[in-house]
Amino acid sequence: MSEANGSDAADQPTSEKLVELAKRRGYFFQSSGAYGGVGGFYTFGPQGASLKGNVEDAWRDRFAVAEGNMEIDAPTIMPEPVFEASGHLEGFDDMLVECPECGESHRADHVVEDNTSYEDAESLPIPEVEEVIAEYELVCPSCGAGLADQAVETFNLMFDTNIGPGDSQPGYLRPETAQGIFVEFPRLKEYARNQLPFGVTQIGRAYRNEISPRRSIIRTREFTQAELEYFVDPETDEPPLERVADVEVRLYPVGEQNDEDGSEIETTIGDAVEEGVIADEWVAYFLGVAKPWYEAVGVDMDRFRFRQHLSGERAHYAADCWDAESEIDGNWIEMAGFANRTDYDLSKHEEYSEDRFTVFKQYDEPKTVERATVDPDMSYLGPEFGGAAQEVVSELETLAERDRSAFEGETVEIELEGESHELPVEKTGFSVDEETIAGEHVTPHVIEPSFGVDRVVYTVLHHAYSEDEVDGEERTYLELDPEVAPTFVGVFPLQSDDELEAVANDVVDDLRKAGLSVTYDDSGNIGRRYRRQDEVGTPFCVTIDYETVEAEETTVTVRERDSTEQKRLAVDDLAETLAAIRNGDREFEAL
Ligand code: GAP
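Going by the working numbering, the first residue of the sequence shown is number 968, and it counts up by one from there.
This is how it looks when you write it as structure tokens:
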């Protein structure tokens, strides 16, 4: 991509120019502008909604259809017990520091990271963050007042609401689409005929009351996630790594991040697994699926990497996590996380709900196993323990399952409310018997590729943003991939003329029938119309001129966006040729 140089505009970061273009051309803009706007909420305009829809469709094709996974669409509001179980009520917090002068709230870890050499302040305990703020005499990013004496507090990011009138049923807007999948697991496993592994996807809105939303659609309070929850048997299921073994990746593992001289590693998925750089094979598999997908939707691979989470950075549920990151004006932003969530979520929902979050795994052959059980003498336990007798029974049952050697002596010791008690073994009815079982209940582990759609859209636009000079005039254009460009072709009659307009309308009809997304534009001079389409990233423009209607063979001018090269093509073949280019079967240069 060429960059203009020498002018003031050239010194302006691409992000600033992109945000201006996005608003002017209908990609995205802050919502509720008529009421002063509200931080962290954005509306996708006609171009943006179309681009975002195309990115979502491309994601669905790859992660649901091509992988054979199911897709669901769950509500965005869920009742409180869901988030008690998931741990979000307790631990989905950010660190907040409030300015004593202007009252503005800021993320304390961001204030530290933006003004010191700390790179991972999120993982520091609160007292340490307070110390760093005081030591570096950090100030409010909005008004410059000192923050040294301010307390840093935790702030839960979930938006709360009440379900129905009154406040008897508190609810929350989901902070991740994933919980909508986990809570439905007891039904979803039936649809998968109780066979592991299987995957469930969901594309939908998530909500986080971010302390300081920033950088337009990169950090908002309402955004779209595309998530896959892939349920596996940790003992037996293995990913089809051979399908992605040759995918080349740039990795930034923890070891390299912690090493002063550390750097990113260029390798393949196969080698990274073999050398232990990526320890989790399932995570490696999905990194291998994701990399070509990002490339196909237009992320610049020179500004793309996978970075492993440092231990303090990992979410409360994750055993290992890698992020897909893109470079934006010299900064790396997280576009997706690939985590091994283990059995954390399903076990929690099993514990907190009344349903079963396991899969029954049938053995090929029934197995004979030894089972230790107790059958306590209640005529002894009753008088000895009174109301606590039933608790003693469950303690004995758990102990028999866990440690049968505890019953080898004359007495057995149990703990009851912190106090230890001894019972004669003969009163416990302890025995070990043989039992034939057909299978076992397994709690699946979850591998989760979690994509932020808005950040993909932002990256694709940012990486597509280009400037050059055409016929002595500066030009801005978006080098969008045809797969995601909101409009594939613009059709223009050269001038306001009934004959030209009639042909142009026929061309529009033909192209639309061929399944192409088309815009018709007859306003302003032709150069201006080209510039307009260049700025929204339309790959081709077709102009109907006097040669079209006067020459023996009906031809039109087709102009390619990036090269601005023009060719004359026969109208009869136009739809077929452009559809073939759109599908990647033909190339414009070769016509
Ligand atoms: N279910 C896992 C999960 O939600 P996450 O890393 O918190 O993991 C996944 O979020 C992705 O969602 C991120 O990689 C990012 O692309 C996107 N995302 C998270 N917070 C966001 C925000 N405030 N604004 C826009 N996108 C966000």
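Where a beta carbon is used, it is the ideal one built from N, C-alpha and C, also for glycine.
Every value quoted in this text rests on a predicted model; they were computed, and no experiment measured them.
Looking at residue j and residue i, is the spacing between their C-beta atoms short of 8 angstroms?
i: D1312; j: S1090; result: no
i: T1505; j: T1544; result: no
i: P1416; j: F1555; result: no
i: V1392; j: T1378; result: yes
i: E1104; j: V1119; result: no
i: L1208; j: Y1252; result: yes
i: I1178; j: D1061; result: yes
i: R1528; j: D1501; result: yes
i: F1050; j: F1324; result: no
i: R1272; j: E1231; result: yes
Who are the near neighbours of residue i in its chain, counting only those whose CB is closer than 8 angstroms to its CB and skipping five residues on each side?
i: V1022; result: V1264, V1420, V1423, V1424, V1427, V1451
i: K1328; result: L1163, D1200, G1406, E1407, H1408, V1409
i: S1278; result: S1090, V1221
i: M1610; result: Nothing about residue 1610 can be read from this structure; the chain reaches only from 968 to 1558.
i: A1481; result: A1542, E1543, L1545, A1546
Just to confirm my understanding: we take residue i, look at its own chain, exclude 5 residues before and 5 after, and list those with CB closer than 7 angstroms. What are they?
i: A1212; result: T1235, I1236, G1237
i: I1300; result: I1185, E1292, S1293, R1422
i: R1559; result: As shown, the chain starts at 968 and ends at 1558. That puts residue 1559 outside it, with no answer to give.
i: A1088; result: D1076, V1079, E1080, V1096
i: A1101; result: A1115
i: T1571; result: It is not possible to answer for residue 1571, since the shown part of the chain is limited to 968 through 1558.
i: A1560; result: A query on residue 1560 cannot be resolved here, the shown segment of the chain reaching from 968 to 1558 and no further.
i: Y1085; result: V1079, V1099
i: Q1224; result: L1277
Could you check the C-alpha separation between residue i and residue j for me, to the nearest Å?
i: S969; j: I1185; result: Low confidence applies here, because S969 scores a pLDDT of 36, under 50, leaving its location unreliable and the question unanswered by this model.
i: Y1487; j: V1413; result: 48 angstroms
i: E1176; j: W1249; result: The sequence shown places Asn at residue 1176, not Glu. Going from the Cα of N1176 to the Cα of W1249 covers about 32 angstroms.
i: E1362; j: E1375; result: 17 angstroms
i: L1483; j: L985; result: 26 angstroms
i: R1526; j: F1122; result: 53 angstroms
i: E1196; j: D1081; result: 34 angstroms
i: G1138; j: R1181; result: 26 angstroms
i: G1353; j: S1320; result: 30 angstroms
i: R1210; j: V1523; result: 44 angstroms
i: A1048; j: T1531; result: What sits at residue 1048 in the sequence shown is Pro, not Ala. When rounded, the distance between both Cα atoms is 58 angstroms.
i: L1124; j: R991; result: 32 angstroms
i: M1268; j: H1283; result: 31 angstroms
i: D1552; j: R1281; result: 43 angstroms
i: E1384; j: P1350; result: 18 angstroms
i: R1499; j: D1539; result: 27 angstroms
i: L1467; j: V1516; result: 7 angstroms
i: A1303; j: Q1357; result: 49 angstroms
i: E1205; j: Q1136; result: 42 angstroms
i: V1475; j: A1469; result: 10 angstroms
So for residue i, helix, strand or coil by DSSP?
i: E987; result: helix
i: Q1014; result: helix
i: G1560; result: It is not possible to answer for residue 1560, since the shown part of the chain is limited to 968 through 1558.
i: S1179; result: coil
i: S974; result: Confidence is the limiting factor: at S974 the pLDDT is only 44, short of 50, which leaves the residue's position unreliable, though a coordinate-based value still follows. In the structure shown, S974 sits in coil (DSSP, three-state: anything other than H, G, I, E or B).
i: R1338; result: strand
i: T1403; result: strand
i: Q1192; result: strand
i: H1077; result: helix
i: R1422; result: helix
i: T981; result: helix
i: Q1462; result: coil
i: H1408; result: strand
i: P1137; result: strand
i: N1129; result: strand
i: R1553; result: coil
i: R1217; result: strand
i: F1059; result: coil
Does chain C have any CB closer than 8 angstroms to the CB of residue i?
i: V1420; result: The structure shown contains no chain C, having only a single protein chain.
Leaving out five residues on either side along the sequence, give the residues of the same chain with a beta carbon under 6 angstroms from the beta carbon of residue i.
i: E1514; result: none
i: K1394; result: D1344, Y1347
i: G1396; result: V1341, D1342, P1343
i: V1399; result: E1337, A1339
i: I1295; result: H1429
i: N972; result: Low confidence applies to N972: its pLDDT is 38, below 50, so where it sits in the model is not reliable, and the reading given next is rough at best. Taken in chain order, the list of residues that qualify is empty.
i: D1247; result: D1287, N1307
i: M1045; result: R1141
i: T1128; result: G1138
Counting pairs of beta carbons, one from the segment 1164 to 1174 and one from the segment 1014 to 1032, are three or more of them closer than 8 angstroms?
yes
Flag this pair as touching only if the segment 1503 to 1513 and the segment 1460 to 1476 have three or more C-beta atom pairs under 8 angstroms; answer yes or no.
yes
Do three or more CB pairs link the segment 1101 to 1116 to the segment 1064 to 1074 at distances below 8 angstroms?
yes
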